[in-house]
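In the numbering used here, the protein residues as written are 327 to 483. All residues carry an ideal CB built from backbone N, CA and C; glycine is no exception. Some notes on the structure that comes next.
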């Protein structure tokens, strides 16, 4: 049994989230990891997680970006749909611990410069005034009754 790190699970979830319709760029994976976890992983940990997941055959690199392999898609499809993020992380971590790759795959080696550039690009888009679709929407506090106001009954006619 090999060790499974929390960052591996976050990167796998972020890749799943960002590569639904097309291969995900590194900036999109960083943005999705920020959305899931609430913070951006360190550069070294992010690079190590991508390398570990690629050597296990869970993430593959194409010329357009990163995608999940069919094995990883199968693992992610088995997860509960309505689970809280913490429960989902535990479930994926247990599935990754049980997974034993049949062969060794080529690792995806990213330089520290590529990773830090992606993190900086995400931080600048987060501060920009435009819409970022990967960031959560603020929840509106709705009260049906405002303090100090009472319903006035209409006068009798």
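Residue i versus the options, residue with shortest Cα-Cα distance
i	options	result
residue 343	481, 330, 357	357
residue 400	422, 372, 411	422
residue 332	376, 446, 346	376
residue 392	432, 349, 452	349
residue 439	368, 360, 390	368
residue 329	363, 382, 354, 370	382
residue 355	341, 426, 365, 364	341
residue 364	437, 394, 336	336
residue 347	394, 419, 452	394
residue 387	432, 437, 419	432
residue 428	447, 384, 412	384
Beta bridge counterpart(s) of residue i as assigned by DSSP
i	result
residue 387	392
residue 350	392
Counted within 10 angstroms of its Cβ, other Cβ atoms place residue i as buried (16 or more) or exposed
i	result
residue 408	exposed
residue 435	exposed
residue 410	exposed
residue 360	buried
residue 450	exposed
residue 327	Note that residue 327 scores 48 on pLDDT, short of 50, meaning its location in the model is unreliable; the coordinates nonetheless yield the value given after this. Exposed.
residue 398	buried
residue 390	exposed
residue 345	buried
Endpoints, the alpha helix (DSSP H) within which residue i is located
i	result
residue 405	Segment: none, residue 405 is in no alpha helix (DSSP H) and carries neither H nor E.
residue 345	First-last for residue 345: undefined, no H or E at that position.
residue 419	411-424
residue 373	369-381
residue 328	Segment: none, residue 328 is in no alpha helix (DSSP H) and carries neither H nor E.
residue 439	438-453
Supposed contact pair residue j and residue i - C-beta distance, whole angstroms, cut 8 Å
i	j	result
residue 352	residue 444	4 Å
residue 379	residue 338	6 Å
Contact test: residue i Cβ vs the ligand SAH heavy atom, cutoff 7 Å
i	result
residue 399	Absence of the ligand SAH is noted for the structure shown, with no ligands found whatsoever.
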